[in-house]
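Worksheet: one structure, shown below.
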Amino acid sequence: MNENDGAGEAELVESWRSFDRLRRYPHNGFIRTDQVMTGDMLNRGNHRTTYIVLTILLLSSLPMVSNASADEGIAEELQAQDIIAIFDEVSETTTVTWRNIAENGGNADLYEQLWDATYHVYRSDSPINSQNVLNLTPWHSVVACDENSEEAWGSNPNKCRGEPNNHPGHSATYQVGAGTDNSFFYAIVTELADGNMTTTLSVNASLLYEPVQEVTTPIRSPYNIVADFDPATSKTTVQWINYNSINPILPEDGDDAYQIHLWQTDVQMDRSNGYLLLEPGSTPIATLNATDTMYEVDVPPSTNREVYYSVTYMLPNWESPGNNYEDTRFLSNNAMTTALLEDNTPPADVTGVGALFLPAENGTGVTTIVWDDLLSEEGEQYRIYRHGESFNSTNNPYVQLIGTVQENVSEFKYNVPFNTYGDFVYCVVVVDRFGATNPEIPYSSCDWVNEDADDEWIKEPTNVQATFIGNGITRVTWTDQVGVEGERYNVWRSSYRVQGPQFAENISLMWMGSVPDGVEMFDVQLEDEISTTSTHYFVTSEALYNCQGCTETMTYTKLIQNWDGPIAEDTKSPQPGRMLEPLMIGGLKVVELEWVNAQESGESYTLYRHFGDPFGDSEFAISNYTDPGWEYLEGPIAENGFTTMVRQVPVPDDSQRTVWYCVIVTDSFGNTNQQILPGIGGNAVVVTEDTKAPTITYSIHDENNVPIVGKSLVRGEYTLKIEVSESLLEAPMINLTSSSGGSLTGGSQQSMVLITQNTNNPDKGPEYFQSFSISSNAKAGNVSIVINLTDMSLNTIDRSINGYAIDARAPTVSIFSPTAENDGAKYLYGNEIKVVAGATDDVELVSMQIRFVQNYGTSSSVTEPWRNVTGLTINENGDWTIEMVVSSGNYLPGVHEVSVKALDSAGNENIKKVRFVTDWCRHRDDGATICEYSNPVQDDPDVIYAELNATDPPYMIAWVTAGISFLAVIASLVVISSAMAGPKKKRGDDDDEGDDWMNEFIGTSAEPDMAEITGGAPAEKKTESAEPEEEDDPFAVNVIKPKRRRKKKAAEAEEEEEDVDWEEGGSPRKKPKRKAPARRKATKRKRS
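With the first letter of the sequence shown counted as 1, position 1050 gets the number 1209 in the working numbering; the numbers rise by one all the way through.
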């Protein structure tokens, strides 16, 4: 529509330009020239003419400027003017108004053309223009000016113009559909008398510039209401389709669940009057649940009315809590448009009913029904019902409506179907002109009649024959009768020939049984112990004979051609048989049965067997071959004239069971003695059949008598224990070999040792054992155990035990991933590390585990515990494969180790290890890639401090120095004590020289200053001498040396200061030699 809109706007602009040119052309006529008024023209001639022309132009244009209702477009196009469209939210309608043209453009007859012009109103959700308007369908059309109107414009065309006091204009209302939410454009096209369409569409004249916003409420009501009144039940059934069945959006549960309101009104409900249902005093006849789709309205008796039904939804809390909404616009066919007649006033019953049947020669007939018309009814109808059984209601599903007769006839002839036979009831029911009728039928409205369409037809089967076939059975056969379908045949027995009038059920004739048509045979099961030679049999048929819906059949009882007799019947049982001791022949796998020939003539024998206990714990053991468990084995076996009869019964291979056998005697009449008596003199014996080789259960125990669980055998002592299913003729023979070529039983079979027979335990068999050992040098291989067993019935078999193996090898472990560090691979931070490994074993694997060692080879390495693997796959050969995924982000950059351990069933294990590298790499701005582990950024070297202990050389020097200092202090104290003991005598120079060694020894080069030593010197002097003494070595000689010598001492002192012991707090701990001067200063106290 964008292209069309653009085209429309261009056309609109061009239209306005054309309109301007048309308005200039009349002015050209004043100056009598065809030229357009231009600047050159104005300069040509005198100015007076120019001014006159300009004045005339201005005067002619004044009305167009000042008139607010000036027409748009060309007058001859009769374009609609002043279009306005207003949407009303209440009625959900849009009203479009416009007027006719008010100006004739100088054509005095133009208004008359409005009589023949027609307006077409269009609507679209897209902009409308002259190119697309005719592609739309108008929703309203109206004559521009009604010539036939009684108003003034009906006779005066000048009154058709759209000005005050003339034609009032036009108005059209569009009903907006439910659920609309859009903007719509409206346009009006004028159809002229010649059929041309005015598609100029000036904006706001015949075309809306701005669309109209139309918002309506969606349909919130049911669909397609249907009501049906049933006069028989006096109920009106109203049905509808719920909205949620089409669009399930309305709440059906909770506080907001909608309710269904069913309304009954005397007038049709529609959008115009639906609001009346919501006014006070209006109440629905029923308020139903949200899922109901049907309601039955009980119509009171003697009602005759026409009503309308409608159904709505009450939506609670629709817009806000407590604000309910009910859509009464009836836009979804939820209100009846045609009144429903509810008339349940029944007419009176029909009387004087009679029925008469007249047969025809062709096997049919006609029944005539007559009655008396009701004088109290007009326009009524009479319905005739027929049934083969008595009925009193037309609601009987088997009653047949055979005809409907209008009033004033009083008779109906019914053609009876071919082969109809029986008593039938005819009833007449009246239906009034409203369809009301009484479904209950009184006896006075009915009549019975016997209908036999073909009286010469003998309705009996033919060729009846009865034969005693033995086994207590007399077989009766016949040929079905013709001319009827679906019949049933009854077989009767009597001791004499019964005639038709003598027929009496279970008195003269005893009923034996029934069969449907098509069988033509019935076996009569006779009573036991009877013998007669005068029995007669009869066969009758019963059928509906064209009586549809009847349940009671008709029986033809004249007994003309449906009997046979007399015949002989014998049901006495023969004497039971007598069996001898049976014999089980194990080698031949047969049981030999033998019994005594009975004292009968032409008898036969039948063998039966039972695999359970047919006699149980009964005090009087007796059974019957028809009892559950007895199965037919062989027979009939004809008697052979000998005293005894023998039969061999094959016994299946691999069987071990207790079986009862019995023999049943049947005489020549088929009578059988069904009793079974066990034991000597009876006809049943028991035998144990054994063709099943013995079976074993086994276990292998280690030297501690503990059963081994796995299938692996390692070095050690073992014991094989077996339990046999039955007693054996001899001890089992065993042979143990290995697939590697070794024998565990000395190279030959050995006899197993009996543990116990378990005679007193019926649930256990004999137990045997065999010991064997596996040496440390035994070769790996599968162990084969073969045990030969022979039971008491000489059933021999070799039982093999396989699956065990000598396990001398550890599992083989292979790690396929991760890639080892020596392959140059590494896993970057954040990538997944896939661990893929496999393990195989010569016998059986039982577990695989995995372990990681983080930061392998460093002081911060962490060894994780062993853990079970995941992602395990075991193939058909027993090989294990694992596939696990771990994140490299869990590991610091560096070398790590993964170990995979496999354990087999013998306890052998093998561990495979792989070291891999994880790293964290990043790109620098200079283009280099730096990795934390493989290519780290070099940091400044750290200062390495030697960690010393008390025995290292620096500490030893300190200890020696401290010792010497301590001795020096002792010596100093001795010297001081000597000096203070008495006055010094003067000495000469020689004495002074002699004391030089002492001065050297104590570290002074002059006489000691006693005042200083004793603390009597002035403070200033004391302070001056304190500092150098602090730095002196107590063992140094106080000799005047060159200055450079003292620098050397200072340098040594600095070196010694560097050799300090730093405590944890960061402060240095001084060596003991530093404390020596302090002790020397402490001696300068005067105490004497």
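Cβ atoms here follow ideal geometry from the backbone N, Cα and C, with glycine treated the same way.
Rank 994, 840, 845, 374 by C-alpha distance to the C-alpha of residue 770 and give the top, closest one.
845
6 Å Cβ shell around residue 508 - same chain, five flanking residues per side excluded:
601, 604
Please classify residue 655 as buried or exposed, where buried requires at least 16 other C-beta atoms within 10 Å of its C-beta.
exposed
If the criterion is Cβ atoms closer than 8 Å, does the pair residue 591 and residue 536 meet it?
yes
Taking the alpha carbon of residue 832 as the reference point, which residue from 809, 612, 784 has its own alpha carbon closest?
784
Is residue 430 helix, strand or coil when you go by DSSP?
coil
Can residue 619 and residue 523 be called in contact, C-beta distance under 8 Å?
no
Run of the alpha helix (DSSP H) containing residue 1114, from where it starts to where it stops:
1112-1140
If you follow the beta strand (DSSP E) that residue 779 is in, where does it begin and where does it stop?
Counting along the chain, residue 779 falls outside any beta strand (DSSP E), and DSSP gives it neither H nor E.
Are there any heavy atoms of the ligand GTP lying less than 7 Å away from the beta-carbon of residue 970, as far as the coordinates show?
Inclusion of the ligand GTP in the displayed structure is not the case, the ligand content being empty and no account of it being possible.
Sequence-distant residues of its chain with Cβ nearer than 6 Å to residue 344 (five each side left out):
283, 286, 287, 367, 370
For the beta strand (DSSP E) holding residue 243, just list the boundary residues, first then last.
240-247
Sequence-distant residues of the same chain with beta carbon closer than 8 Å to residue 850, five excluded per side
745, 748, 810, 811, 812, 813, 814, 815, 952, 954
Would you be able to state if there are at least three C-beta pairs under 8 Å between the stretch 963-979 and the stretch 936-949?
yes
Does DSSP put residue 1249 in a helix, in a strand, or in coil?
The chain is shown from 160 up to 1247; residue 1249 falls before or after that span and cannot be answered.
What did DSSP end up calling residue 602 once you bin it into helix, strand or coil?
helix
Specify the secondary structure class of residue 257 as computed by DSSP and reduced to three states.
strand
Look up residue 740 in the DSSP assignment and say whether it is helix, strand or coil.
coil
Measure from the alpha carbon of residue 615 to the alpha carbon of each residue in 719, 865, 595, 843, then state which is nearest.
719
Contacting residues, own chain, Cβ-Cβ under 6 Å from residue 453 (five flanking each side not counted)
398
Which residue marks the beginning of the beta strand (DSSP E) containing residue 326, and which one marks its end?
No beta strand (DSSP E) contains residue 326, which DSSP labels as neither H nor E.
If contacts are defined as beta-carbon pairs under 8 Å, then residue 342 and residue 372 qualify, I think. What distance do you get, rounded to the angstrom?
5 Å
Smallest Cα separation from residue 736: which of 683, 803, 730?
803
Buried versus exposed, by CB contacts within 10 Å (16 or more), residue 722
buried
Can you pull the DSSP bridge partners for residue 146?
There is simply no residue 146 to check, as the chain begins at 160 and stops at 1247 in what is shown.
Identify, in the order they occur along the chain, each residue of the same chain with its Cβ nearer than 6 Å to the Cβ of residue 672, setting aside the five sequence neighbours on each side.
650, 681
DSSP state of residue 872 mapped onto helix, strand, coil
strand
Report yes if the CB atom of residue 645 is closer than 8 Å to the CB atom of residue 676, and no otherwise.
yes
Out of curiosity, what's the CA-to-CA distance linking residue 1303 and residue 916?
Here the chain covers residues 160 to 1247 and nothing more, so residue 1303 does not appear.
For residue 560 and residue 465, I'd like the C-alpha separation in whole angstroms.
29 Å
Apart from the five residues just before and just after residue 880, which ones in its own chain have a Cβ nearer than 6 Å to its Cβ?
858, 928
Sequence-distant residues of its chain with Cβ nearer than 8 Å to residue 875 (five each side left out)
861, 862, 932, 933
Tell me whether residue 1250 is buried or exposed, calling it buried when 16 or more other Cβ atoms sit within 10 Å of its Cβ.
With the chain running from 160 to 1247 in the structure shown, residue 1250 is simply not present.
Considering only DSSP beta bridges, list what residue 588 is partnered with.
542
Should residue 906 go down as buried or exposed, given a rule of 16 or more other Cβ atoms within 10 Å for buried?
exposed
Inter-stretch contact at 8 Å, needing at least 3 Cβ pairs: the stretch 512-530 / the stretch 482-499:
no
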